[in-house]
Every structure is written in structure tokens, then in C-alpha cells.
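Worksheet: one structure, shown below.
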Amino acid sequence: MKLSPEQREERLASSREAALAFLEDMQHLREIVGKKDPSNAEIRRLSVILRRLLVERDLAIVSAPRLGRVMLVAPDNDPAYKADRKSPFLFFASGRATVLGGWAGALFAVDVVPIFGRGTVELPKLDIDKTIELRLDNFLTQRVLCYRGTWVSRKEVIEYVANVASGVHSGSLKKTEHVTLAHIRSSSRLYLKPDKTLHLELFAHGIDVDETTFRHAPDSIDPVLMELLAAAKFLTASPFVAELEEAVGKELAPLIAK
15 MKLSPEQREE
25 RLASSREAAL
35 AFLEDMQHLR
45 EIVGKKDPSN
55 AEIRRLSVIL
65 RRLLVERDLA
75 IVSAPRLGRV
85 MLVAPDNDPA
95 YKADRKSPFL
105 FFASGRATVL
115 GGWAGALFAV
125 DVVPIFGRGT
135 VELPKLDIDK
145 TIELRLDNFL
155 TQRVLCYRGT
165 WVSRKEVIEY
175 VANVASGVHS
185 GSLKKTEHVT
195 LAHIRSSSRL
205 YLKPDKTLHL
215 ELFAHGIDVD
225 ETTFRHAPDS
235 IDPVLMELLA
245 AAKFLTASPF
255 VAELEEAVGK
265 ELAPLIAK
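Residue numbers for the sequence shown follow my numbering, so the first one is 15 and each next one is one higher.
So, in C-alpha cells, the structure goes:
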């Protein structure tokens, strides 16, 4: 819906505080995303900003009277979704983030027993450098993690870390997606091998065991936090966001100067 001049002025005025916070938050996100080895604590705290900007839609509120509809860069995971329909994943992580000083692309595993019984398996033909542009709602609902055939969206990752895993609150596993993410955190991690290469450990409790108990593993990162960092990375890499930052910066320059 196109805003009238009066509506636009009203929304500009009512969103200026949020716009200033947006500028400050984007600067912080870039600082963390730009690190070669951000700590788990730094990544966990990103959920506070990501929940407010994306899930609670502050980004859309700031954008509406300035640039209009939000468009965000995201990884092209369509080949993975297509492959999963024929050969369901035991595990998939969208990735494309810098963790532990190394680059983690898309990660996946399939069950070899059905493969041998069937003779063939569909593996995703992913181009890890290929990106697409999505509306805010589609960015949030894009599926980024899979555990034993159960998929979880980017929105669910953000909400889980913020509301359950001590980003904003510490809570109980009330949703099915929370349980799935707890399974992933307990069973899987990325860590550096002695030769400084990244290694993915999967199903630490056994391939047929589901466990939700939190497992602290120093010098490692779990796939859930990796996806949270990737969400921040794609947000900061979106040309639309850079354009909005520029527009807000010019608008608020007289106020900031005071």
C-alpha cells in the first residue's frame, strides 16, 4: 500500500528512534560478522538484535516510509530442498559463515543404509556462492537446518536462541522446533582439528539417539549458533540494508550532529 505524504511524514517521525537504533545495531552486527573468530557469547547476543529487527519487524517499520518493502540477500538452498525430497537428509546446515577462523559452507549428511538398498541417492548440487533476494517474511521462513528429516527455519533459530538459549531469556523447550534445535546443539559441533581445518562432528550420542541436554564443548561452535551468525551476515550483506542505512544516516545527520 502506497503511503500518502501525510502518512509518510507521520511514520518517519514515529520511527526515528527505531531508525537510530537500526544504525547503531547494524554497526554492531558488522563488527561481529567481520571477526574471523567471534565467540559463542558474541554470537548468542546477536539474537537480541536479530529478533527485534527481523522477527519483531523493526527493520520493516524503519523501511516503510523511507524505501518501502524490505528485500534481503539469502543463500540459494533450492537444490538442497529438491534433493531432500528424494533422499531425506540426516543433517543439513545452510551455513556460509566464518567461524573459528575458517569458512563453513553448506553442510549435509544422508543415511547410507537406505542408499545401499536403493542403489542411488540424490545429492544437492549446491552453488555455495549463489544468492537470491527474498522479502523479509520469506527470509525468515527459509529453511536453514535439518535434523533427521525435520526442517527448521531461520525465524525459529532466532527465536530459539533469543527466547530459550539465553540470548534474551532462558526458557523451556515448548515447541517442536525448540526440541529439534536442542537435539542439534547437543549432538553436533564444528571444531578445529590440529591442522587448523574445520571438522563437523555429528550425532555425538549415537546416530539413533536423540538428546536435548546442553553439551559445553570449548573451542567449538554448534550449528544453531552458526546459523544465527549466518543470518546476521546475510543481513549485513544485503544491498537494500546498505541503502536504508545511507538514507537514515542522511535523515538523522542534523540530529546526530547536535
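We treat Cβ as the ideally placed atom computed from N, Cα and C, and that holds for glycine. Note that the structure is predicted; figures quoted are calculated from it, not measured.
Asked, Found
"As assigned by DSSP and simplified to three states, the class of residue 221", "coil"
"Range of the contiguous beta strand (DSSP E) that encloses residue 118", "116-118"
"Proximal residues to residue 77 (C-beta, below 6 Å), its chain only, five neighbours per side dropped", "84, 258"
"Residue 113 to residue 51 span [Cα, whole Å]", "5 Å"
"Inter-residue Cα distance where the pair is residue 73 and residue 163", "32 Å"
"Of the residues 35, 98, 36, 160, the one placed nearest residue 216, counting alpha carbons only", "160"
"Bounding residues of the beta strand (DSSP E) (the contiguous stretch that carries residue 167)", "164-167"
"Touching by the beta-carbon criterion (3+ pairs, under 8 Å), the segment 163-179 and the segment 200-210", "no"
"Spatial distance of residue 207 from residue 118 (CA atoms)", "14 Å"
"Residue range of the alpha helix (DSSP H) that includes residue 36", "30-47"
"Residues that residue 157 bridges to, as DSSP identifies them", "167"
"Beta carbon of residue 98 nearer than 9 Å to that of residue 106", "yes"
"Coarse secondary structure for residue 197, derived from DSSP in three states", "helix"
"Proximity winner among 195, 109, 95, relative to residue 136 (alpha-carbon distances)", "95"
"For residue 192: DSSP bridge partner residues", "Answer by DSSP bridge pairing: none, since residue 192 is not bridged."
"Cβ distance (whole Å) where residue 242 is taken to contact residue 64 below 8 Å", "7 Å"
"Residue 75 - containing alpha helix (DSSP H), residue span", "72-77"
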